[in-house]
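Engineer: So the sequence shown is numbered by our numbering: it starts at 5 and just counts up by one. To start, I am sharing the structure in question, which I have written as structure tokens.
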Amino acid sequence: MAIRLRRCTVDDAPMLAEMGARLFIETYGPTHPEPGRSAYLARAFALDGLRHAIESDDAEILVAEDDGEPVGYSFLRESPTPPADVSGKKPIEILRFYVDGKTQGRGIGAMLMKESLDIARRRGADVVWLQTWKEASWAVGFYQHLGFTIVGSAPFYFGDQVAEDHILMLPIGDSK
5 MAIRLRRCTV
15 DDAPMLAEMG
25 ARLFIETYGP
35 THPEPGRSAY
45 LARAFALDGL
55 RHAIESDDAE
65 ILVAEDDGEP
75 VGYSFLRESP
85 TPPADVSGKK
95 PIEILRFYVD
105 GKTQGRGIGA
115 MLMKESLDIA
125 RRRGADVVWL
135 QTWKEASWAV
145 GFYQHLGFTI
155 VGSAPFYFGD
165 QVAEDHILML
175 PIGDSK
């Protein structure tokens, strides 16, 4: 396995936009159809927004590569106003976390999460939180296997649809 994790640079924004949209469609395409999908993808993976996030001091985006091919990513950002269900003095949110379906089961997700949690610790976080769709049992199970617990719920707006997401949290130690 020739998996490499690295921090994205601003030059990676087009690759990240393409991969992010592709993996969203792969994961949620049948349950999140048009016309809402294109509008969501245009907002969530806009190049200017991704460039800004990559350059931001408050965020970090990691990409997992398999022999140079991008196969997953993690998007972390500082979270000064997390949902009320999230406790902690310095929380960090994992805004997006995806691994290409064709590479799942090889430990890439666990490797990417370990590095994401290490980054959060280096940034002084004492808790990491994320949202995931309640109907995505595979994702909920993955996060729970890694120690995350469900602490609440939040709406996810997709076009005219409103779904319920779980809010999951993982304490990672005292912030310094």
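Positions of the beta carbon are idealized from the N, C-alpha and C atoms, including for glycine.
1) Can you tell me the Cβ-Cβ gap for residue 137 and residue 173, rounded? I've got them flagged as a contact below 8 Å.
2) Under the three-state reduction of DSSP, which class applies to residue 144: helix, strand or coil?
3) Comparing C-alpha positions only, which one of 12, 165, 16, 68 sits nearest to residue 268?
4) From the DSSP output, which residues share a beta bridge with residue 156?
5) Which partner residues of residue 37 appear in the DSSP bridge assignment?
6) Do you know offhand how far residue 17's Cα is from residue 76's?
7) Jot down the residue ranges of each uninterrupted alpha helix (DSSP H) in the stretch 15-96, minimum 4 residues, whole runs only, in chain order.
8) By the DSSP assignment, the beta strand (DSSP E) with residue 9 in it spans what residues?
9) Quick check: the stretch 92-108 against the stretch 152-164, are at least 3 beta-carbon pairs closer than 8 Å?
10) From residue 102 to residue 156, what does the alpha carbon distance come to, in whole angstroms?
11) For the beta strand (DSSP E) that contains residue 116, what are its first and last residues?
12) For the beta strand (DSSP E) containing residue 136, name the first residue and the last one.
13) Judging by CA-CA distance, which residue of 111, 51, 64 is the nearest neighbour of residue 126?
14) Are there 16 or more other CB atoms within 10 angstroms of the CB of residue 60, so buried, or fewer, so exposed?
Structural biologist: This is what the structure holds:
1) Actually they are not in contact, since the Cβ atoms of residue 137 and residue 173 sit about 17 Å apart, beyond 8 Å.
2) helix
3) As shown, the chain starts at 5 and ends at 180. That puts residue 268 outside it, with no answer to give.
4) 171
5) Answer is none; residue 37 lacks a bridge partner.
6) 14 Å
7) 17-32, 40-48, 51-59
8) 7-11
9) no
10) 21 Å
11) Here residue 116 belongs to no beta strand (DSSP E); instead the alpha helix (DSSP H) covers 112-126.
12) 131-137
13) 64
14) exposed
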